[in-house]
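Only one structure is covered here, and it is reproduced in the block below.
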Amino acid sequence: MAGEGEKKAVLEMVQADGADEGCVTFVLHDEDHTLGNSLRYMIMKNADVEFCGYTITHPSESKINFRIQTRGGIPAAEPLRRGLNELSDVCQHVLNTFQGLFPSQESCGEADLVLSFLNWRKQQEANLNFHARNRTEKETLGVLANSNFK
Amino acid sequence: MERREPLLYRKGGAGGAKDSPPTRQNGSQHGERGRNSESSNIGRIWCDECKCGCDRGFGEAQHVLCGVVHTTDFPGNYPGYDDTWNVEKFQKNFRIDVVHLDENSMEFDMVGIDAAIANAFRRILLAEVPTMAIEKVFIYSNTSIVQDEVLAHRLGLIPIKADPRLFEYRNTGEESAEEEGSEIDTIQLQLKIKCSRNPRASKDSSDPRELYLNHMVYSKDIKWVPIGNQADVFADCCIGPVHDDILIAQLRPGQELDIVMHCVKGIGKDHAKFSPVATASYRLLPEITLLEVVEGEKAERLKQCFSRGVIDLEDINGTKVAKVVNSRLDTCSREVLRHSDLKNVVKLGRVRDHFIFTVESTGILPPDVLVTEAIKVLMAKCQRFLNELDSTVME
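Chains as they are written, first to last, in the working numbering: chain A, 1 to 150; chain B, 1001 to 1395.
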């Protein structure tokens, strides 16, 4: 935990003297509203949490004070960990949903793109009804086809 | 059991009172925002139980599942309601619809997510998705009228077409002695141009395009100089500025530029030149409800108050009746509130969990890749703190 040399702190825990494990302020370094607000939202959805909030102590310093108070003596690191996991799962689900709309994407080289486009074309011709649920999606894929291959 | 106000008619919209559709009996839980992604009232399946506008057509059970993602929906806020985070509820209600996509811009709808997370994605798109941009400018010769620092600033803002996922960040501080950087974290570009008089110009012309050669320095004059094994790795993708026609400086005969540039990977938080989007923004889907039947000349005026295509006049029994057709097209000018007889007829609001994102890329990465990268950045942030928590626990 003790930083030596140039090791920068990422996460610190500050606890008032005499308070129990359930009331802790976490100091998250190099973070701002991006993670702070979304993490606060996820942790507030937890029924064990009595209080959750974050504050940016000074706009010149990029760190946030994230306070969690639990009811029932649960250590505060647990809702934090659970909130981080749930937020990560939300992102994963959003990513899967989004990438599911572009079956032929995600390639760096042009050769890969061509191959995947040919596969996609074949799939398109095979299942004409696949995209029937969303007309705009078909348009999207049509535009994709036109734009990527000049 | 206390009933909360139906979320469809939310606080904050103009004309806050609760109103149509027909009120429900007995404390059944009343859900949610209409899901009008493209059209609103036409073709929507009104639920049998309550006309909350939920277009799923399910019974009461489904309505309990609505109301998952509002900021006031935390456990304990509304007694008798279970607002705890429920993954299944979220996954069932969540969807993404791509409305428009081309190589530089994209418009898509994200439905069923909270503003905190949608805003996080927007902030990350603007400031935390990395790109490559010119950082170090070595000016060997600059005899133009543009000052060195101004020229360097302009060069930094030019978008460079290089996939940032194939490069590493440069370690600052450790290699302060070594200015060169290596092939995994640096792209070297060169700009070498000299303006001269055109010997073939006619004697009496005054057009600089005829009199001088190379008097306008465009971004197409920037050439890539591969270092190390970059020539093999990036043989097929040409690395250079995204656009060829960005004017960098103007020269006159005798003036020249001899500049070597190093591009590094960075994020928009550090300097705006690293931002991969021209802009990324979202708006909430507007929601227009007519509280009473509007017909005739009043309907005509009502139609004029909104953007074209939002309100249509239907012919019922000879009279024209106004109907909301597509609230998505509305630009929310609130013109209708300026008319004393029309302002009590409509209720203006927003669907709180329907975000219409517009992402416009600078050309470095296609917009769908940008959104994917932004989501991955948020996941990486969470992972970073999870690792940190685990390592402190183990100590």
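Note that CB positions come from ideal geometry on N, CA and C, so glycine has one too.
Pick from the options that is closest to residue i, judged by C-alpha positions
i: residue 1261 of chain B; options: B/1278, B/1293, B/1226 and B/1267; result: B/1226
i: residue 1194 of chain B; options: B/1343, B/1140, B/1251 and B/1385; result: B/1251
i: residue 1341 of chain B; options: B/1198, B/1362 and B/1302; result: B/1302
i: residue 31 of chain A; options: B/1127, B/1097 and B/1072; result: B/1127
i: residue 1377 of chain B; options: B/1086, B/1108, B/1306 and B/1122; result: B/1122
i: residue 1294 of chain B; options: B/1344, B/1308 and B/1270; result: B/1344
i: residue 1201 of chain B; options: B/1278, B/1219 and B/1213; result: B/1213
i: residue 12 of chain A; options: A/43, A/92, A/88 and A/27; result: A/27
i: residue 1319 of chain B; options: B/1234, B/1308, B/1336 and B/1300; result: B/1300
i: residue 1100 of chain B; options: B/1266, B/1359, B/1138 and B/1364; result: B/1359
i: residue 1185 of chain B; options: B/1129, B/1339, B/1265 and B/1203; result: B/1265
i: residue 1273 of chain B; options: B/1171, B/1131 and B/1296; result: B/1131
i: residue 1365 of chain B; options: B/1210, B/1241 and B/1394; result: B/1241
i: residue 1138 of chain B; options: B/1308, B/1371 and B/1190; result: B/1190
i: residue 1085 of chain B; options: A/24, A/46, A/7 and A/25; result: A/46
i: residue 1244 of chain B; options: B/1258, B/1263 and B/1220; result: B/1220
i: residue 1156 of chain B; options: B/1256, B/1207 and B/1133; result: B/1133
i: residue 1369 of chain B; options: B/1165, B/1073 and B/1118; result: B/1165
i: residue 1196 of chain B; options: B/1124, B/1210 and B/1380; result: B/1210
i: residue 71 of chain A; options: A/52, A/94 and A/33; result: A/52
i: residue 1255 of chain B; options: B/1167, B/1384 and B/1192; result: B/1192
i: residue 1187 of chain B; options: B/1161, B/1206 and B/1198; result: B/1161
i: residue 1136 of chain B; options: B/1172, B/1129, B/1163 and B/1075; result: B/1172
i: residue 1253 of chain B; options: B/1276, B/1198 and B/1267; result: B/1198
i: residue 24 of chain A; options: A/44, A/33 and A/76; result: A/76
Rounded C-alpha distance that separates residue i from residue j
i: residue 1329 of chain B; j: residue 1077 of chain B; result: 34 Å
i: residue 1120 of chain B; j: residue 17 of chain A; result: 34 Å
i: residue 1231 of chain B; j: residue 1159 of chain B; result: 21 Å
i: residue 57 of chain A; j: residue 1104 of chain B; result: 38 Å
i: residue 1151 of chain B; j: residue 1142 of chain B; result: 9 Å
i: residue 1362 of chain B; j: residue 61 of chain A; result: 30 Å
i: residue 1391 of chain B; j: residue 1071 of chain B; result: 32 Å
i: residue 1334 of chain B; j: residue 1284 of chain B; result: 15 Å
i: residue 1270 of chain B; j: residue 1280 of chain B; result: 18 Å
i: residue 999 of chain B; j: residue 1108 of chain B; result: Nothing can be reported for residue 999 of chain B, as the shown portion of chain B is limited to 1001 through 1395.
i: residue 1102 of chain B; j: residue 1372 of chain B; result: 16 Å
i: residue 1278 of chain B; j: residue 1382 of chain B; result: 27 Å
i: residue 1305 of chain B; j: residue 1336 of chain B; result: 5 Å
i: residue 1042 of chain B; j: residue 1248 of chain B; result: Since pLDDT at residue 1042 of chain B reaches only 41, below the 50 mark, its modelled position is unreliable, and the value read off the structure follows with that caveat. So the two alpha carbons sit approximately 53 Å from each other.
i: residue 1235 of chain B; j: residue 1309 of chain B; result: 50 Å
i: residue 63 of chain A; j: residue 7 of chain A; result: 16 Å
i: residue 103 of chain A; j: residue 1097 of chain B; result: 14 Å
i: residue 1246 of chain B; j: residue 1218 of chain B; result: 5 Å
i: residue 1389 of chain B; j: residue 54 of chain A; result: 18 Å
i: residue 14 of chain A; j: residue 1073 of chain B; result: 29 Å
i: residue 1215 of chain B; j: residue 1208 of chain B; result: 8 Å
i: residue 1035 of chain B; j: residue 1326 of chain B; result: Legend: pLDDT at residue 1035 of chain B = 41, less than 50; position of this residue unreliable, value from coordinates given subsequently. Looking at the two C-alpha atoms, the distance is approximately 12 Å.
i: residue 1394 of chain B; j: residue 1387 of chain B; result: 11 Å
i: residue 1089 of chain B; j: residue 59 of chain A; result: 37 Å
i: residue 20 of chain A; j: residue 1116 of chain B; result: 30 Å
i: residue 1297 of chain B; j: residue 1332 of chain B; result: 22 Å
Proximal chain B residues relative to residue i, where beta-carbon distance stays under 8 Å
i: residue 86 of chain A; result: 1085 and 1087
i: residue 10 of chain A; result: 1384, 1385 and 1388
Residues that residue i contacts on chain B, provided the C-beta gap is smaller than 9 Å
i: residue 57 of chain A; result: Neighbours of residue 57 of chain A on chain B: none; closest Cβ ~18 Å, over 9 Å.
Residue i: contacting residues in chain A (beta-carbon distance under 7 Å)
i: residue 1114 of chain B; result: 41
i: residue 1379 of chain B; result: 88, 91 and 92
i: residue 1184 of chain B; result: What residue 1184 of chain B touches in chain A: nothing, since even the nearest Cβ is about 15 Å away.
i: residue 1372 of chain B; result: 95, 98 and 99
i: residue 1231 of chain B; result: Within 7 Å Cβ-Cβ: nothing; residue 1231 of chain B doesn't reach chain A, min ~16 Å.
Beta-carbon neighbours of residue i, restricted to chain A and to distances below 9 Å
i: residue 1124 of chain B; result: 34
i: residue 1095 of chain B; result: 97
i: residue 1071 of chain B; result: 41 and 44
i: residue 986 of chain B; result: As displayed, chain B neither begins before 1001 nor continues past 1395, which places residue 986 of chain B out of reach and without an answer.
i: residue 1152 of chain B; result: By Cβ distance, chain A contributes nothing, its closest Cβ being about 26 Å from residue 1152 of chain B, past 9 Å.
Chain B residues whose Cβ lies nearer than 7 Å to that of residue i
i: residue 47 of chain A; result: 1075 and 1084
Chain A contact residues for residue i, given Cβ-Cβ distances below 8 Å
i: residue 1375 of chain B; result: 91, 94, 95 and 98
i: residue 1090 of chain B; result: 90 and 93
The region 31-47 of chain A touching the region 80-98 of chain A, judged by at least three CB pairs closer than 8 Å: yes
Are the region 1345-1357 of chain B and the region 1278-1288 of chain B touching, with three or more C-beta to C-beta distances below 8 Å? yes
Count the C-beta pairs between the region 67-81 of chain A and the region 1079-1094 of chain B that are closer than 8 Å, then say yes if the count reaches three, no if not. no
Using Cβ-Cβ distances below 8 Å, what residues of the region 1234-1264 of chain B are close to chain A? 1236 and 1237
So, do the region 1129-1147 of chain B and the region 1097-1112 of chain B have three or more beta carbon pairs nearer to each other than 8 Å? no
Taking three-plus beta-carbon pairs below 8 Å as touching, is the region 1350-1370 of chain B in contact with the region 1306-1326 of chain B? no
Against chain B: residues of the region 59-90 of chain A by CB proximity under 8 Å: 77, 80, 81, 84, 85, 86, 87, 88, 89 and 90
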